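What follows is one structure encoded as structure tokens, with my remarks underneath.
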Amino acid sequence: MPAPYLHLNYEERRKIARWREAKVPATEIAAKLGRHRSTIFRELRRNHFHDAELRNISGYYAANAQAMSEARRSNLRKLVRHPSLRAAVVDRLQAGWTPEQISGRLKVERATASVSHETIYQYVYSKDGHYIDLWRHLPDHRRKRRGRGRRKPQHPRFADEISIRNRPAEVAARTVFGSWECDLIQFRKEFGGTNLTSLVERVSRFTVLMKNADRRSRPVMDGLIGSLSPLPAHARQSITFDRGLEFLAWPYLQAGLGVATWFCDPQAPWQKGTVENTNGRVRRWLPREVDPKTLTTRQINAICQQLNATPRKCLGYRTPAEVFRDKLMEGDTALP
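Right under this line is the structure:
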């Protein structure tokens, strides 16, 4: 398999300029750099500086050649060459879609022009992307691309019989519809105890958000019962929690809803990674600085609708709402 072609870099261009000034032939320069002679001839032709008024200063200069090359490559970028594609990508970024979701959905829609998620990231962090602050619409709101941090775990104690270690394997494998994960989304302490319950179905990633006045367990469980009780039994089979004290009223939940309840190991909230990931998505609209007491039911429902109408890579770029609806229908047809 032939080695991939690599563009000349700035250091190589500095050597070319120095050797040209010393009258070294292009074929010898190519040999010194380990390049094909056509590469050097093309470089000297395309990146030669011409001054119509002061012809004596015309020539090959490394810095100027590098700038000309970068400008030419920038103009060849797909999102620069296709304004309609660029507009579609920007619109979806501003709507809260990730680059992977945009790329995958374009393929599902069989768009005339597709684009990879890496190309979208490169455009977001390019001068054009920074000019309109596209980085603000990414999940992490980073000016520069870097890795993510980790949340600090919490570790209240629960009985071993309700441990996630006893949860059926098919739930962990996401082969059973109606298995949910639950967590609370907290805000700054100065806003009081108001919080949101975050509830996510593991197979479809369908999300439900509910507002709580405080962290008392019984009202939190009442909210879960009120949200899930309208669903058929096959759509509400189990819920996995972390070991927060707000979930201590799980026997009340089981009696009111008839669901199995499971709890993560101490200091292991990553075991309910689906809802943890969803909480990160919710933070795009509801950072910790938001006063949750000002949130209306309409605003919360709008965020749920946004999440459930956004395509997901793990769902083959279908939306959570589409998958959830299909799974509900499958359960209905299976009934006698």
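Numbering (the numbering used here), first residue to last: 1214 to 1549. We put the CB at the ideal spot given by N, CA and C, even for glycine. The structure presented is a predicted model; accordingly, all values stated were derived computationally and were not measured.
The DSSP-derived three-state label of residue 1253 is helix.
Shown here, residue 1526 sits in a helix according to DSSP, grouped into three states. Fewer than three beta-carbon pairs drawn from the segment 1451-1458 and the segment 1529-1541 are found closer than 8 Å, and the two stretches are therefore not classed as touching. With respect to residue 1229, residue 1266 sits apart: the two C-beta atoms are not nearer than 8 Å. For residue 1383, the three-state secondary structure derived from DSSP is helix.
In this structure, the straight-line span from the alpha carbon of residue 1394 to that of residue 1488 is close to 6 Å.
When the alpha-carbon of residue 1428 is set against those of 1462, 1268, 1500, 1296, the nearest one is in 1462. If the five residues before and after residue 1391 are omitted, its C-beta is found closer than 6 Å to the C-beta atoms of 1447, 1448, 1449, 1450, all from its own chain and listed in chain order.
The DSSP-derived three-state label of residue 1457 is coil. A distance below 6 Å between beta-carbons, with the five flanking residues on each side excluded, links residue 1406 to the following residues of its chain, in chain order: 1427, 1428.
Here the segment 1249-1264 makes no contact with the segment 1297-1314; the two share fewer than three CB pairs at distances below 8 Å.
Going by DSSP, residue 1228 is part of the alpha helix (DSSP H) stretching over 1223-1234. Nearest to residue 1383 by alpha-carbon distance, out of 1408, 1416, 1372, 1399, is 1416. Pairing residue 1517 with residue 1420 gives a Cβ-Cβ distance under 8 Å.
Closest option to residue 1341, judged by alpha-carbon separation, among 1268, 1376, 1290: 1290.
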